[in-house]
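Line by line, the protein sequences are chains A and C. Under numbering that gives the first Met the number 0, the residues of the first sequence are numbered 0 to 106, in order. Under numbering that gives the first Met the number 0, the residues of the second sequence are numbered 0 to 106, in order. For glycine and all other residues, C-beta sits at the position ideal for the given N, C-alpha and C. All values derive from a computational prediction rather than experimental measurement. One structure is given below, encoded as structure tokens.
Number of protein chains: 2
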Amino acid sequence: MSITFDLIRGHTDAIILSYLFEGDSYSYQINKDILNATDGQFELKEATLYTAFRRLEQGGMITSYWGNENVGARRRYYRITEDGREAYASYKREWEYSKKILDKLIK
Amino acid sequence: MSITFDLIRGHTDAIILSYLFEGDSYSYQINKDILNATDGQFELKEATLYTAFRRLEQGGMITSYWGNENVGARRRYYRITEDGREAYASYKREWEYSKKILDKLIK
DNA sequence: TTCCAATACTTCGGATGTCGAGGTATTGTG
DNA sequence: CACAATACCTCGACATCCGAAGTATTGGAA
Numbered sequence: 000m001s002i003t004f005d006l007i008r009g010h011t012d013a014i015i016l017s018y019l020f021e022g023d024s025y026s027y028q029i030n031k032d033i034l035n036a037t038d039g040q041f042e043l044k045e046a047t048l049y050t051a052f053r054r055l056e057q058g059g060m061i062t063s064y065w066g067n068e069n070v071g072a073r074r075r076y077y078r079i080t081e082d083g084r085e086a087y088a089s090y091k092r093e094w095e096y097s098k099k100i101l102d103k104l105i106k
Numbered sequence: 000m001s002i003t004f005d006l007i008r009g010h011t012d013a014i015i016l017s018y019l020f021e022g023d024s025y026s027y028q029i030n031k032d033i034l035n036a037t038d039g040q041f042e043l044k045e046a047t048l049y050t051a052f053r054r055l056e057q058g059g060m061i062t063s064y065w066g067n068e069n070v071g072a073r074r075r076y077y078r079i080t081e082d083g084r085e086a087y088a089s090y091k092r093e094w095e096y097s098k099k100i101l102d103k104l105i106k
């Protein structure tokens, strides 16, 4: 089954924050982690991720810094802030809540 | 808690079809049914509903007809088609599926 | 050694869905 | 007679998502 991506819309930030909650990471890595976690059935497109990173950084949810890899391509790492942790907790609650509502409505 | 409506995005059609599955209805009624089902915590805005009805009708998921009320304002009723029933079953599966995915990703 | 796949980042513009604001018409009630 | 409630509808703004395209680096295959 190929998922209609609009179903995930609005949850992008929550998904990203969920990964950053466990440690700094970078776009490509997060993308691969999502693919692994869902057995290759779901991924956030690169453009979507970058839009989200910009949005989250502007909102003070994350900060970013360049890694000093001396091998391979440079990486921009993202780190969750305290505000980001709070936002994540809130997103999580909202997900649980909207799940309940949709379970009521799609029966 | 006030729900971020973007979380519901993409599920509007499924919600509407879910109601029409149980019998013909009209916009205002469906709106009220949703409000009741969620204890007033969630509603689809009128403009959203009309956009969705147009979309569903153009897609052959529903048909519409004018009720012949001799009392009160005229009502446009919507009826689900066979294609609509199939689409609904599919939407329902997709919802179950995306629920699993999001539960994996928002942890 | 040359080419290509993979890693990694980024921008742009189009498509889509949602909804606030505004509008029309009818009926029943104070 | 005004007004709330029912019921319909349109427009335009806005946010998000993502396809497409582009840059740069490294390592391995041919």
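In its chain, beyond the 5 residues on either side, 59, 60, 61 and 62 have a beta carbon closer than 7 Å to the beta carbon of residue 80/C. Taking C-beta separations shorter than 8 Å and ignoring five residues to either side along the sequence, the partners of residue 73/C in its chain run 65 and 66, following chain order. Taking a beta-carbon distance threshold of 8 Å, residue 44/C does not count as an interface residue toward chain A. Residue 8/C and residue 31/A have their C-alpha atoms some 25 Å from each other. The three-state reading of DSSP puts residue 92/A in helix, counting H, G and I together.
Contact between residue 100/A and residue 37/C holds, since their C-beta atoms are separated by about 5 Å, short of 8 Å. Shown here for residue 34/C: same chain residues with a beta carbon closer than 8 Å to its own, the five before and five after excluded, namely 41 and 42 in chain order.
For the pair residue 15/A and residue 102/A, the Cα-to-Cα distance works out to about 24 Å. Among the residues facing chain A, residue 41/C is included, as its CB has a counterpart in that chain under 8 Å away.
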